[in-house]
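What follows is a short report on a single structure.
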Amino acid sequence: MVKSKNASDAASDFPLFGITFKSVSLKSQLLHGGDGSELESAIKNRIMDFLNISQNDYCMVFTANRSSAFKLVAESYPFQSSRKLLTVYDHESEAVDSMISMSEKRGARVMAAEFKWPRLRINSVKVRKMIVRKKKKRKHRGLFVFPLQSRMTGASYSYQWMTMAEEHGWHVLLDACALGPKDMDSFGLSLFHPDFLVCSFYKVFGENPTGFGCLFVKKSIVPILEDATGAGIVSITPAKNLLLPEDSSGTDTELEQIARLGIKQECDSISNSIVPYTEQDSKDRKSEENETMFVKSNPVQLRTGQNIQNKLN
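290 is the number that the UniProt record's numbering gives to position 290 of the sequence shown; each next residue is one higher, with no gaps.
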């Protein structure tokens, strides 16, 4: 005989929740979307508390994956008046490429940081020239897209670039997708306040569901965003195949309560016993977006990990 489980046991069985796509622009969702269901609101609160992000300063939307978050920003950012897009990446990926493609269609002038061998460090002289404002320029120069960590070398980048960009009139998108759960609650948002923040929960939730992430938008910037007809925003829904208690009625309300309990237990588990992010995790993550990794080094571009290793040696 199969033993029935209580609600607490059921909540520990995956999947705890699913996602459904929403047909709504980023600006409309931020202004009129509200917090969604009780389950979605509870998850948002847990995430923002975990990341130390103030709900007074930021709005949050769930996205299907990292690429969706980048594309949503590109579709909504006012490139007609703030024409430049400057990215700082030592590799190419589907997410960044989708942002660049959409930005160019909307009139942006796209620029990219260069990196120097042998350690793939940012070419600081050239990047500084791109960032620093010249006299008699428009109020906002454009969008500066800055990752906290290289997905090629694992090296962390200095916050000075984000600070410099803000001082010279750039809006800043901070890409925290390379961080694992060990670092996600301590990357300095009490000191730095980017206009956009993209996070991926692949390293937290694994395959539940693959690529699930979120986009934070500073409330003060929402009015300047433009309406767009793109997709990528998702809602959180209770999973329908949770193992329910023996006396369960199976209603949506009960499913939501069990899923909320499971999310709380999972977040507590992540907070209390964090497992270091491994090299194998990194390999698994790379397959999520089928990224083609290669170094942006002039004049040579190397396309395989073996070639990169040979070059470094």
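C-beta: ideal position from N, C-alpha, C; glycine also.
- In the three-state scheme derived from DSSP, where H, G and I count as helix and E and B as strand, H171 is classed as strand.
- Burial is judged here by how many other beta carbons sit within 10 angstroms of a residue's own beta carbon; R119 has fewer than 16 and is exposed.
- For the alpha helix (DSSP H) assignment, the uninterrupted runs of no fewer than 4 residues enclosed by the stretch 46-113 are, from N- to C-terminal side, 66-76, 94-105.
- Per DSSP, the beta bridge partners of F21 are V234.
- Straight through space, the alpha carbons of Y159 and F192 are spaced by roughly 8 Å.
- In this structure, the straight-line span from the alpha carbon of F196 to that of L174 is close to 6 Å.
- In the structure shown, L225 adopts coil according to DSSP, grouped into three states.
- Boundaries of the beta strand (DSSP E) harbouring S200: 196-200, taken from the DSSP string.
- DSSP lists no bridge partner for R128.
- Spatial neighbours of A165 in its own chain (CB-CB distance under 6 Å, excluding positions within 5 residues in sequence) are listed in chain order as I131, F144, V172.
- Rounded to whole angstroms, M99 and S67 show a C-alpha spacing of 8 Å.
- Within its own chain, the residues whose Cβ lies closer than 8 Å to the Cβ of K27, once the five positions on either side in sequence are excluded, are S76, V222, L225, E226, D227, A228, listed in chain order.
- Our two residues, G169 and F70, have alpha carbons roughly 20 Å apart in a direct line.
- Here the alpha carbons of A74 and D183 stand approximately 27 Å from one another.
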